[in-house]
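Q: Supplied in structure tokens, the structure appears directly below.
Residue numbers (the numbering used here): 837 to 904.
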């Protein structure tokens with residue numbers, strides 16, 4: 837169980853690192869992207885979110901298959 841928590845904390849830390857880098861390096865582009873997201877319908881954002889979740893699960897599954 838300790839290994840799972842280590843992986844989970846590492847994953848959350850990497851999310852913060854990547855998200856922070858995007859805002860630090862491309863602040864104007866991130867501002868435009870957020871403004872655009874406000875204009876999109878909820879269904880579009882929901883589909884995008886579901887697609888990102890599916891890609892994330894696929895990458896995790898692929899990485900687990902390659903490690904074993």
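Beta carbons are placed, not taken as given, at the ideal position from N, Cα and C, and that holds for glycine.
Note that the structure is a prediction, hence the values are computed from the model and not measured.
Leaving aside the five residues before and after residue 858 along the sequence, list all residues of the same chain whose C-beta is less than 7 Å from its C-beta, in chain order.
A: Counting only Cβ-Cβ distances below 7 Å, and skipping sequence neighbours, we find 866.
Q: Please state whether DSSP places residue 862 in a helix, a strand or coil.
A: If DSSP states are grouped into helix, strand and coil, residue 862 belongs with coil.
Q: Return the Cβ separation of residue 881 and residue 873 in integer angstroms, given the expectation that the two are a contact with Cβ distance under 8 Å.
A: Residue 881 to residue 873, Cβ: 7 Å. Contact.
Q: Can you tell me whether residue 876 is helix, strand or coil according to DSSP?
A: Note: residue 876 maps to coil in three-state DSSP.
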